[in-house]
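Chains as they are written, first to last, in the numbering used here: chain W, 1 to 150; chain G, 1 to 508.
Don't be surprised by glycine CBs; every beta carbon is placed ideally from N, CA and C.
Okay, structure first, notes after.
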Amino acid sequence: MDIKFDRIAATMFLVVGVLFIIGSTHLSSSSYGSKVGPNIFPLFLGSILALLSIRLFYESFQSKRQEGSKEKLQYKPFLIIFAATLLYILTLETFGYIITTFVFLFVCFQTMERTKILTSLIVSACFSVAVYYLYVNVLKGTLPSWPIWL
Amino acid sequence: MSIIDYLIQGFGTALLWYNLLFAFVGVLIGTAVGVLPGIGPMSGVALLIPVTASITGGLPPEQAATSAIILLAGVYYGAMYGGSTTSILLNTPGESSSVVTTLDGYQMAKKGRAGSALSIAAIGSFVAGIVTLIALILLAKPLSNIAIKFGPAEYFSLMLLGLAAVSGLAGKSVTKALIMTVCGLLLATIGIDNVSGIARFTFEVPWLYQGIEFLTIAVGLFALGEVFKTILEKDEEETEVARINNLLPSKEELKESAAPIARGSILGFFIGILPGAGATLASFFSYILEKKISKNPEKFGTGAIAGVAAPESANNAASGGAMIPLLTLGIPGSGTTAILMGALMMYNVQPGPLLFEDHPQVAWGLIASMFIGNVMLLVLNLPLVKVFAKIIQTPKQFLIPMIIAISIFGVYAVQVSTNDLLLLLACGLLGYFLSKNDYPIAPLVLGLVLGPMIENNLRRALTISNGDYSLFFTRPISLAFLILTFLWLMIPVLMKMRGKQVVINVEG
Numbered sequence: 001m002d003i004k005f006d007r008i009a010a011t012m013f014l015v016v017g018v019l020f021i022i023g024s025t026h027l028s029s030s031s032y033g034s035k036v037g038p039n040i041f042p043l044f045l046g047s048i049l050a051l052l053s054i055r056l057f058y059e060s061f062q063s064k065r066q067e068g069s070k071e072k073l074q075y076k077p078f079l080i081i082f083a084a085t086l087l088y089i090l091t092l093e094t095f096g097y098i099i100t101t102f103v104f105l106f107v108c109f110q111t112m113e114r115t116k117i118l119t120s121l122i123v124s125a126c127f128s129v130a131v132y133y134l135y136v137n138v139l140k141g142t143l144p145s146w147p148i149w150l
Numbered sequence: 001m002s003i004i005d006y007l008i009q010g011f012g013t014a015l016l017w018y019n020l021l022f023a024f025v026g027v028l029i030g031t032a033v034g035v036l037p038g039i040g041p042m043s044g045v046a047l048l049i050p051v052t053a054s055i056t057g058g059l060p061p062e063q064a065a066t067s068a069i070i071l072l073a074g075v076y077y078g079a080m081y082g083g084s085t086t087s088i089l090l091n092t093p094g095e096s097s098s099v100v101t102t103l104d105g106y107q108m109a110k111k112g113r114a115g116s117a118l119s120i121a122a123i124g125s126f127v128a129g130i131v132t133l134i135a136l137i138l139l140a141k142p143l144s145n146i147a148i149k150f151g152p153a154e155y156f157s158l159m160l161l162g163l164a165a166v167s168g169l170a171g172k173s174v175t176k177a178l179i180m181t182v183c184g185l186l187l188a189t190i191g192i193d194n195v196s197g198i199a200r201f202t203f204e205v206p207w208l209y210q211g212i213e214f215l216t217i218a219v220g221l222f223a224l225g226e227v228f229k230t231i232l233e234k235d236e237e238e239t240e241v242a243r244i245n246n247l248l249p250s251k252e253e254l255k256e257s258a259a260p261i262a263r264g265s266i267l268g269f270f271i272g273i274l275p276g277a278g279a280t281l282a283s284f285f286s287y288i289l290e291k292k293i294s295k296n297p298e299k300f301g302t303g304a305i306a307g308v309a310a311p312e313s314a315n316n317a318a319s320g321g322a323m324i325p326l327l328t329l330g331i332p333g334s335g336t337t338a339i340l341m342g343a344l345m346m347y348n349v350q351p352g353p354l355l356f357e358d359h360p361q362v363a364w365g366l367i368a369s370m371f372i373g374n375v376m377l378l379v380l381n382l383p384l385v386k387v388f389a390k391i392i393q394t395p396k397q398f399l400i401p402m403i404i405a406i407s408i409f410g411v412y413a414v415q416v417s418t419n420d421l422l423l424l425l426a427c428g429l430l431g432y433f434l435s436k437n438d439y440p441i442a443p444l445v446l447g448l449v450l451g452p453m454i455e456n457n458l459r460r461a462l463t464i465s466n467g468d469y470s471l472f473f474t475r476p477i478s479l480a481f482l483i484l485t486f487l488w489l490m491i492p493v494l495m496k497m498r499g500k501q502v503v504i505n506v507e508g
């Protein structure tokens with residue numbers, strides 16, 4: 001258990017709780033003659049969250065420092081895949097489903113393991129085309145097709 | 001109409017060709033999900049919601065809901081069957097409810113009895129599945145008849161109890177679990193308030209007006225979170241798959257495991273009904289029970305067949321038992337059932353006491369399909385266990401990126417918005433960090449699903465009483481629920497103070 005993470009999280013939850021409390025004071029406090037308005041529920045919850053996060057902060061001081069065995073985290077592949085996913089999401093609508101999915105899958109397959117380039121190419125091509133065909137032609141759904149300028 | 005008539009009607013629905021297909025696909029994927037370590041029933045079901053939503057798009061709403069829930073429930077109980085396979089063959093549980101199965105299952109496999117262990121697990125799961133279904137049929141009507149008399153105050157307190165039960169058992173720290181629950185409830189308030197029509201916490205962003213979509217959050221936190229975990233904590237070790245020889249158990253083995261299966265089914269069922277306690281706890285307790293009443297307890301841990309039969313029956317029974325509060329009260333007791341409930345609500349079907357009257361087709365169709373699904377699982381699992389064991393060897397190189405691609409496709413297909421995809425990615429990141437630091441995720445999803453209902457009942461109750469909060473304490477049933485809620489949260493804390501170990505439910 002990372003105590004630092006708990007403290008940062010507790011502070012953030014406290015901020016969120018307080019923001020919800022402030023936010024709910026701007027909401028109307030009654031609706032259609034009822035005394036109970038849309039502000040009650042978030043106001044309660046915000047206060048409970050704030051109280052709980054204070055308790056969490058307090059608990060983080062109590063718990064003893066436990067140094068767990070530090071496992072080596074694979075940051076490099078993770079960052080590449082994360083960035084690839086982000087790019088995939090942002091380009092999906094401009095470049096269309098098939099192209100972006102194909103590129104995304106190929107990049108990720110190769111990031112996971114630098115082998116089997118041909119299989120990776122085939123699998124990513126099959127996946128993107130098959131999903132697109134099944135969803136758009138068989139199930140009559142909509143997905144961004146090809147780049148708009150084509 | 002009597003229960004039998006309803007059930008026959010239900011079978012009529014479940015036996016439609018496409019519903020048979022849905023049940024089959026559901027249990028098949030469920031078994032695969034159970035076998036694959038890293039994807040639990042929760043992320044499996046969450047991932048499949050958007051896919052089923054697009055497949056059932058062409059059907060009329062109620063039929064679409066029936067077919068979708070048949071498939072998704074199939075994934076849920078199918079995973080319970082599949083989880084045993086890896087526990088026995090690889091000593092790595094496919095999901096948390098099969099952890100205890102590794103104790104004796106792997107020992108049996110080492111002694112060359114993998115076949116008997118697998119088939120006993122399948123038979124036990126099947127028997128448990130049928131037992132719970134019968135109990136579900138018998139209990140569903142009376143329970144929903146009671147629940148229908150509940151007013152908003154009782155409902156509010158009951159839901160509070162449900163949330164408290166799940167949070168109390170969900171992780172190492174009750175504070176963290178409660179924080180996650182409250183966050184889920186708060187997220188649910190974003191969007192247009194459906195009582196007064198006022199936009200809350202939307203900051204004039206049009207995308208936020210419809211509220212935070214539960215599907216995006218669930219897929220992100222569960223599926224993507226687990227994917228990121230697998231990428232970051234890649235382990236290279238290759239384990240050897242145990243050989244499967246004779247598949248059918250001997251007569252003695254069957255005889256030996258009959259009683260444990262029966263006990264496991266009944267115990268699992270009752271644990272399953274309790275909110276918060278799920279399949280993991282059920283399998284754990286039934287293992288302890290078997291060890292306690294066994295004539296030679298020293299055999300446990302060295303390959304006793306009762307140590308496989310009992311927990312495997314119990315976890316399947318619990319997954320069936322968990323359907324009862326979901327279907328009759330509209331209160332999910334675990335993360336997976338919360339996701340199932342969210343799926344039903346996407347189709348505008350509200351689980352709860354009125355489900356059996358308003359949508360008998362959905363309720364009874366689901367129950368009947370669970371009979372059929374269990375038979376399918378038994379037939380599938382006995383001869384095909386070797387094929388399923390092969391799934392474990394799916395290279396991660398291809399599996400992991402495909403899960404990301406499926407998540408993105410699914411969320412985009414349902415939401416058609418890049419913003420939701422960005423939220424999905426952010427949730428994936430959050431899901432990884434939160435669960436790594438012991439913040440349980442299931443309570444958050446539960447809060448998100450139950451949020452609008454809790455709020456509506458609270459405000460309805462307060463409107464009736466004209467803003468008087470004492471109403472919750474003066475109505476006896478509501479007071480009883482509140483006292484139970486309080487006890488549920490306080491007893492573990494008190495026990496911890498006395499230095500006792502508290503059993504927690506990792507599955508959520």
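Item, Value
"Buried or exposed (CB count within 10 angstroms, at least 16 for buried), glutamate 507 of chain G", "Its pLDDT being 44, under 50, glutamate 507 of chain G is placed unreliably by the model, and nothing is read from it."
"Residues that DSSP places opposite alanine 304 of chain G in a beta bridge", "According to DSSP, which records beta bridges pairwise, alanine 304 of chain G is partnered with nothing at all."
"Glycine 40 of chain G in three-state terms, based on DSSP", "coil"
"Contact the segment 205 to 221 of chain G vs the segment 55 to 64 of chain W: 3+ CB pairs below 8 Å", "no"
"Chain G contact for serine 145 of chain W (CB, 8 Å cutoff)", "no"
"Span separating the alpha-carbon of serine 167 of chain G from that of lysine 116 of chain W", "45 Å"
"Bridge-paired residues (DSSP) for arginine 200 of chain G", "G:Gly191"
"Beta-carbon neighbours of tyrosine 88 of chain W, restricted to chain G and to distances below 9 Å", "Ile404, Ala405, Ile408 and Leu421"
"Residue-level contact to chain G via CB, valine 36 of chain W, 8 Å cutoff", "yes"
"Proximal residues, the segment 358 to 374 of chain G versus chain W, C-beta separation under 9 Å", "none"
"Local Cβ density within 10 Å of cysteine 126 of chain W, reported as buried at 16 or more and exposed below that", "exposed"
"Identity of the residue in G:Leu169, G:Arg459 and G:Thr101 nearest leucine 487 of chain G by Cα", "G:Leu169"
"Whole-angstrom distance between methionine 495 of chain G and isoleucine 137 of chain G, CA atom to CA atom", "37 Å"
"For proline 452 of chain G, the nearest candidate out of G:Asn194, G:Gly330 and G:Gly365 (CA to CA)", "G:Asn194"
"Residues near leucine 19 of chain W in its chain [Cβ-Cβ closer than 8 Å; skip 5 each side]", "Gly46"
"C-beta neighbour in chain W for alanine 413 of chain G, strict 8 Å", "yes"
"is_contact[glutamate 226 of chain G, chain W] using C-beta, thresh 8 Å", "no"
"Simplified DSSP assignment, three categories, for tyrosine 469 of chain G", "coil"
"is_contact[proline 275 of chain G, chain W] using C-beta, thresh 8 Å", "no"
"Where glutamate 507 of chain G sits in the DSSP three-state scheme", "Annotation note: pLDDT 44 at glutamate 507 of chain G (below 50); position unreliable, no value reported."
"Residues that alanine 123 of chain W contacts on chain G, provided the C-beta gap is smaller than 7 Å", "Sequence check: residue 123 of chain W is valine here, not alanine. Those within 7 Å of valine 123 of chain W in chain G are Phe398."
"Alpha carbon of leucine 399 of chain G to alpha carbon of threonine 85 of chain W, nearest angstrom", "15 Å"
"Segment contact flag, the segment 36 to 54 of chain W with the segment 81 to 97 of chain W, C-beta cutoff 8 Å, min 3 pairs", "no"
"Cα-Cα separation between leucine 289 of chain G and alanine 310 of chain G, rounded to whole angstroms", "9 Å"
"Exposure of proline 325 of chain G, with buried meaning 16 or more beta-carbon neighbours within 10 Å", "buried"
"Within 8 Å, strictly: CB atoms of isoleucine 190 of chain G and leucine 208 of chain G", "yes"
"8 Å Cβ shell around threonine 111 of chain W - same chain, five flanking residues per side excluded", "Pro77, Ile80, Ile81 and Ala84"
"Isoleucine 261 of chain G vs alanine 109 of chain G beta-carbon contact at 8 Å", "no"
"Sequence-distant residues of its chain with Cβ nearer than 6 Å to proline 443 of chain G (five each side left out)", "Val166, Ser167, Ala170, Ala177, Met180 and Thr181"
"Distance, isoleucine 403 of chain G Cα to cysteine 108 of chain W Cα", "11 Å"
"Rounded C-alpha distance that separates tyrosine 88 of chain W from alanine 426 of chain G", "14 Å"
"Contact list for the segment 417 to 442 of chain G against chain W, Cβ threshold 7 Å", "Thr418, Leu421, Leu422, Leu425, Asn437 and Asp438"
"Euclidean distance between Cα positions of lysine 292 of chain G and leucine 121 of chain W", "56 Å"
"Listed by chain order, chain W residues near lysine 234 of chain G by CB distance under 8 Å", "Gln74 and Pro77"
"Top-ranked residue by Cα proximity to phenylalanine 409 of chain G, from G:Ala53, G:Ile4 and G:Phe22", "G:Ala53"
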